[in-house]
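Here is the structure we will look at, set down as structure tokens.
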Amino acid sequence: MSDAFSADPPIVLSATDTASERRLHPLTLMLNLVRQVPQAILGLIALRLSGPDELRPWVGLFALLALLAMVGFEFYRWWRFSYRLDPEELRIASGVLSRNVRSIPYERIQDVNLEQGPLARLVGLAKVRLETGSSGSGDEGALDSVDLAEAERLRDVIRLRKAQQADGARSGESEAGTGAVAVPQTDAPLLFGMDMKRILIAGFFNFSLVFFAVVGAVVNNLDFLMPDDFWNPRRLLDFLGLDDLFAALDLAARIASVIAALIGLVVVGLVGGIIRTVLREYGFRLERTETGFRRRRGLLTLTDVVMPLHRIQAAVIATGPIRRRFGWYELKVQSLASDSEKESDHSIAPFATADELRHVLGETRIAWDTDYPSMRGVDPAMWWVPLVFALPVPILGLGISAYFASPWIALAYLALPLVPLFSWLYWRAHRYALLGDQLYVRTGFWNQTLTLLPLRRVQSVDIKQSFVSRFIGLADVAIGVAGRSGAVTIQAIPLGDAIALREELLGPAVRNRPSGTS
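Numbering of the sequence shown is given in my numbering, commencing with residue 25 and proceeding in unit increments.
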């Protein structure tokens, strides 16, 4: 078992060894079966308790047959899966009924990322993920799972051969003549790290109700075991022996008990945020490699991800009113490469100060030279126009419901003033600025994000107008960025400003167009 991905001394790999066909580690069978067993057990429990009466005595036989079928299928799938490091490419063969052989040239592989889940760490295995130029939304190749030493060997060999191909320093013939390849391994300089104290502070700010989400998921899968009135509050009070006590309380005591329950909910959320943050960010290290950033983190699931600098498209600084007051920020980079969760947003500094963020940004050629006060605001129509068209609907709906159902529903009118307040706060937070060759777009009041977009990464610019915005002369500017799921949008600015901004974002190609075109 390994607690972290190691940087061992230089290893020597023979040409015949690297070109041999290999299979995944045999313990992969156990890992795959363990992942399937919970669902199978739930299905058998459901069949035993709620299935037809004539099938219930046969549940044991069904369980045995299902287990044998799963073992047989997984063994055959493991046997049919193989990989091989050829001189110019990595080949992966797979398929149970049909056969698929995938060839991935080394020059297309951007980098190799390693991941260890809890069970894989116990038995010393790792998953190898290959990032290629065409895999912005996922992995083009993955080996799950191989021995940790084999995973590090694959990473080193692929990186070395990719570098040799780029430099023109090797060919298939020259490798056959040398007979051995030395793989250099060096420690990369540390750019940013998080100790346990900072991780715990970060967890305090990451309020999370993940505990209730887990309980809800379990209950959703075991609802057939629960009585029909399980969610009745009276039944819960009776189960806890508090029904008579709650009935004896006066109104003030009942209100106090509800407030205490809400405080308990907040405490659970804080504890859940701390646990979730510790599990994800434990041992966080961001290093500067020759090609980009290398990020390692995780307590139960350990990930080792490399982000090439040339694939980074933009940066996002996230914070909130409370975190900002204490001087804490999160830095993400939007990259064409995906991480272990198949997301294009990589958190490279989850909980850092402004100076630490600027230090990391200095490696990306992305600047942070402006903030809220110096940025341009958008038109106030952004907050009041949607209210004019949308607010009458809940007003009428609440009135009709209160008339036909219960007058108590009319109390919801007390919350309606919050709608324009939140809309106004969101409008005040939305700002933008164009400084030199970089665009800044700020959005959100509670979850504040500042997008830093270099103009060289702009792929497209759309000017959008609804019927209302055309009438009042406003427009939205949507900026397309490669590797980002949605556009960077600036809302509610004058149409003339939108056209001028589009020309500045797209550069001379737009400014030099013949007159008369739009």
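All C-beta atoms, glycine included, are put in the ideal place defined by N, C-alpha and C. From a predicted model like this one, the values you see are computed outputs, not experimental measurements.
I279 to L303, Cα distance in whole Å? 36 Å
Which of the three DSSP states is assigned to E112 in this structure? coil
Can you name, in chain order, every residue of its own chain whose Cβ lies under 7 Å from the Cβ of S118, other than the five neighbours on each side? R104, F105 and N124
Tell me the rounded alpha-carbon separation between Y100 and L529. 55 Å
Neighbour flag for R222 against chain B, beta carbons, 8 Å: Going by chain labels, chain B is absent from the structure shown, which holds only one protein chain.
Cβ atoms of V152 and L172: under 8 Å apart, would you say? no
In its own chain, which residues sit with a C-beta less than 7 Å from the C-beta of Y437, not counting the 5 before and 5 after it? L422
Let's see if you can read the secondary structure: which residues bound the alpha helix (DSSP H) around Y450? L442 to A453
Which residue wins for smallest C-alpha separation from D395, given the options L91, H49 and I341? I341
Would you kindly work out how many angstroms separate the C-alpha atoms of L458 and R452, rounded to a whole number? 18 Å
With DSSP collapsed to three states, give me the class of N124. strand
Reduced DSSP secondary structure (H/G/I, E/B, other) of Y306: coil
Are the segment 317-331 and the segment 340-354 touching, with three or more C-beta to C-beta distances below 8 Å? no
For G201 and D369, what's the separation of their Cα atoms in angstroms? Because G201 carries a pLDDT of 41, less than 50, the predicted location of this residue cannot be relied on, and the following value inherits that uncertainty. Using only the alpha carbons, I get a separation of about 43 Å.
For R526 and R222, what's the separation of their Cα atoms in angstroms? 42 Å
So who's on the other strand from F216, going by DSSP bridges? L310
What residue range is occupied by the uninterrupted alpha helix (DSSP H) comprising Y396? Neither: Y396 is in no alpha helix (DSSP H) and is coded neither H nor E.
I'd like to confirm the pairing. Which residues does DSSP put opposite E528 in its beta bridges? None, per the DSSP bridge assignment.
May I ask you to list the residues that DSSP assigns as paired with K151? E139
For N137, is the classification buried or exposed, using 16 other Cβ atoms within 10 angstroms of its Cβ as the cut-off for buried? buried
Spatial distance of S161 from S359 (CA atoms): Note that S161 scores a pLDDT of 45, beneath 50, so its modelled location is shaky; the value from the coordinates is reported in the next line. In a straight line, the C-alpha of S161 is about 10 Å away from that of S359.
Based on Cα-Cα distance, which residue from L449, R494 and D486 lies nearest to Q472? L449
Of all the options R318, D403, F228 and R309, which has the alpha carbon lying nearest to the alpha carbon of V291? F228
Beta-carbon contacts of L143 that lie in its chain and below 7 Å, excluding the five residues immediately before and after: L55 and V58
Is the separation between the beta-carbon of F231 and that of L294 shorter than 8 Å? yes
Exposure label - M220; buried when at least 16 CB within 10 Å: exposed
What residue does the beta strand (DSSP E) around F231 start on, and which one ends it? Careful: F231 lies outside any beta strand (DSSP E) and carries neither H nor E.
Which one or two residues does DSSP pair with Y464 in a beta bridge? A457 and L476
State whether the segment 499-517 contacts the segment 470-488, with contact taken as three or more CB pairs (one from each stretch) at a distance under 8 Å. yes
Straight-line CA distance for A87 to R47? 29 Å
Is it buried or exposed, W432, if we count other Cβ atoms within 10 angstroms and call 16 or more buried? exposed
What number of angstroms, rounded off, separates the C-alpha of A212 from the C-alpha of V329? 13 Å
Report yes if the CB atom of T49 is closer than 8 Å to the CB atom of L149, and no otherwise. Reading off the sequence shown, one finds His at residue 49, where the question assumed Thr. Their beta carbons are under 8 Å apart, which means H49 touches L149 by this criterion.
Which same chain residues end up closer than 8 Å to L381 when comparing Cβ atoms and leaving out the 5 residues on each side of it in sequence? I341, Y353, L355, A373 and W392
Put I523 into one of helix, strand or coil per three-state DSSP. helix
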